[in-house]
Structures are given as C-alpha cells and as structure tokens.
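*Asks:* Okay, here's the structure, questions in a sec.
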Amino acid sequence: MTQAETKEPTRSGIARALAVIDAIARSPRAQGVSVIARETGLSKAVAHRILRELVNGRFLRFDETTKVYRLGPGALGIGLAAMRELDVPAIAHRHLVALSERTGETTTLSLRQGWSRVYVDQVLSSHEIRMSVALGSSHPLHAGSSSKAILAALPDGEVDDYVAHHKLDSVTDATITSADALREEIERIRALGYAVSSGERQSGAASVAAPIYGAAGQPIGSISVCGLQDMFTRSRNRSLGDQVIAAAAAVSADLGRRPPRSERDPGDVA
6 MTQAETKEPT RSGIARALAV IDAIARSPRA QGVSVIARET GLSKAVAHRI
56 LRELVNGRFL RFDETTKVYR LGPGALGIGL AAMRELDVPA IAHRHLVALS
106 ERTGETTTLS LRQGWSRVYV DQVLSSHEIR MSVALGSSHP LHAGSSSKAI
156 LAALPDGEVD DYVAHHKLDS VTDATITSAD ALREEIERIR ALGYAVSSGE
206 RQSGAASVAA PIYGAAGQPI GSISVCGLQD MFTRSRNRSL GDQVIAAAAA
256 VSADLGRRPP RSERDPGDVA
C-alpha cells in the first residue's frame, strides 16, 4: 500500500469510486484529475487510478485531447434506469404526513408541468375546519406559494422567459400581476428559501411552500403547508418556512439530489 493510500483508511474502494462519479456528475463541465482529487478529498494518485478503472468499465469517458473526464454510457444507463423507477408522489408522501403532523395543517405536493404546476398529492389537516386542494388542478407559476416557490428556484433566464411571455393574470385580488413586483417577490423568496401566499390563489387561504429538486439539481415541484388565512401570522410563517424547507430538502434527498457543497457538513467529502 502506498503512502497516498494510507491517508484514506476509513473509506472503501467502492465509496471512493462513488465519490469520484458523484463529483463528475455534479459538475456542470468535464473535469481533470486535479480538480476531481480536490473535490473528493483523494490524493491525485488514488483519484487517477480510480478514474482509469471507471473509464475501463465505461462509467466514464476520457478526452485524450483536453485530458478531462465526463460520464460514460455505463453511468448514464444506470441514471436513466433510476429515473424510470422514481415515483415522486410515493417518495414524498411520508414527508407530507410528517409535516402535517408537526404543523397541524394540510400539506400538499405540486409538480411542475411546463409553465404551470399541478397538485398531485395532499395530506389533510386533522382540524374540523381545514383546507383542501383539488388534485390534478393546474395553476400558473406566479399565483400562490407553491407556484412562486418553483418559479423562484428556476434559473434567471427561465424566470425572464416566463415574465416576458406570460400574462400575469389575476386569480384573486391579492395575486401579483406586476412584473416588477413579481421580480421583487422572487428575490425575497430566494433570500428566505420559502414562499408565502396570503389569499393570492384562493381568498381566505394562506400557505407557505418550498421547492423540491431532482437528482440533477433541477426544480421539479414544491411542497406546501396551507390553511385558513387568519392562522398564518408573520411570526408563524417564519416557523412554518423553516419546517417546509427541511421537509422539501428531505424529499429532494430521497429523489437523489446532493446539496451544494457549501451546504454540506465540513467532514462530508464524498
């Protein structure tokens, strides 16, 4: 065993190989061995040996001209097979149940469909008077917290496209219908991590929502807590926001999303 190999005694060969694949999969561009070694916390010699083995197994491809690595057909085949097996409502449901039990409110799951989103699941509050949503109903991305959470999670270019090419129709008197006001709201949502609605989609109702992400880091939907407008005070919204963010992160993790490196524990190098 070389000196370089003795520096990683607690990580198996499989764990190190998976760390290398993960680093390449998360990167927006192909990477060389030095960057991959730094991202994974491996020595350059160990990283290079693992990269060669993964290329031989067709999990990675190596560009002889640029000396960079990218995912190969083996990794892509496994990824596509995993995507086919994902049932987002089934994966998210237990988190909706737990969130409803913690908050005492109805919780919902929405999935993005083009420039709108659709309610696909809900867990009803145990209160005698409670909110419910119509599953299968479609709503624009500017009206309500579930919609705004998705819109705010999109890249700036897609937000610009939505604002430029979609009429911001009023759903209720509280719906945001000004492009400038919507952009300000998006910045607020991005800063907080969650969206709030007070009568924007349904008069008398309020909600707090956060986006959920797929394995590639793309926003695919949102989860929300919703109830009677009078019960959603500013201070309670902050508490609900924290809980919705945590639940959305748990759903995203179950869907295969890895958090950005800045959000990880310092000891997590894989």
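If you use our numbering, the sequence shown corresponds to residues 6 to 275, in order. In this text, a Cβ means the ideal position worked out from N, Cα and C, and glycines have one as well. As the structure is a prediction and not an experimental result, all values here were calculated from the model.
Assuming contact is defined by CB atoms lying nearer than 7 Å, are residue 164 and residue 184 in contact in what I supplied?
*Replies:* For residue 164 and residue 184, no; Cβs fall outside 7 Å.
*Asks:* Identify, in the order they occur along the chain, each residue of the same chain with its Cβ nearer than 6 Å to the Cβ of residue 208, setting aside the five sequence neighbours on each side.
*Replies:* Within the same chain, residue 208 has close Cβ partners 177.
*Asks:* Apart from the five residues on each side of it in sequence, which residues of its chain come closer than 7 Å, Cβ to Cβ, to residue 220?
*Replies:* If we look at residue 220 and ignore the five residues flanking it on each side, its Cβ neighbours are 260, 261, 262.
*Asks:* Does DSSP put residue 94 in a helix, a strand or coil?
*Replies:* Helix, per DSSP.
*Asks:* By alpha-carbon positions, which one of 147, 37, 154 ends up nearest to residue 170?
*Replies:* If we check each option's Cα against that of residue 170, 147 comes out closest.
*Asks:* Give the list of continuous alpha helix (DSSP H) stretches no shorter than 4 residues that lie fully inside the segment 148–198.
*Replies:* As far as the segment 148–198 is concerned, its whole alpha helix (DSSP H) runs of at least 4 residues are 150–158, 161–170, 184–197.
*Asks:* Under 8 Å Cβ to Cβ from residue 203, same chain only, skipping five residues before and after it: list those, please.
*Replies:* Same-chain partners within the cutoff: 179, 211, 234, 237.
*Asks:* For residue 249, which residues in the same chain have their Cβ closer than 8 Å to its Cβ, ignoring the five residues on either side in sequence?
*Replies:* 104, 199, 213, 214, 215, 228, 229, 230, listed in sequence order.
*Asks:* Suppose contacts are defined by Cβ-Cβ distances below 7 Å. Is residue 111 in contact with residue 135 by that definition?
*Replies:* In this structure, residue 135 lies closer than 7 Å to residue 111 by Cβ.
*Asks:* Would you report the Cα separation of residue 52 and residue 45, rounded to the nearest angstrom?
*Replies:* Cα to Cα, residue 52 sits roughly 8 Å from residue 45.
*Asks:* Just verifying my parser: in three-state terms, what is the DSSP assignment at residue 14?
*Replies:* Its pLDDT being 45, under 50, residue 14 is placed unreliably in this model, and the coordinates cannot settle the point.
*Asks:* By a C-beta neighbour count over all protein chains shown, 10 Å radius and 16 as the cutoff for buried, is residue 70 buried or exposed?
*Replies:* The residue is exposed, with fewer than 16 neighbouring Cβ atoms inside 10 Å.
*Asks:* Quick check: the Cα distance between residue 187 and residue 107, rounded to an integer number of angstroms?
*Replies:* Between residue 187 and residue 107, the C-alpha separation is close to 31 Å.
*Asks:* Contact check, residue 56 vs residue 80 under 8 Å by CB: the rounded distance?
*Replies:* The Cβ separation is near 13 Å, so there is no contact.
*Asks:* Among 49, 77, 133, whose alpha-carbon lies nearest the alpha-carbon of residue 60?
*Replies:* Checking every option, the nearest Cα to that of residue 60 belongs to 77.
*Asks:* In whole angstroms, what is the alpha-carbon distance linking residue 130 and residue 144?
*Replies:* Spanning the two alpha carbons is a distance of roughly 22 Å.
*Asks:* Distance check for residue 246 and residue 123, CA to CA, integer angstroms please.
*Replies:* Near 21 Å, if we compare the C-alpha coordinates of residue 246 and residue 123.
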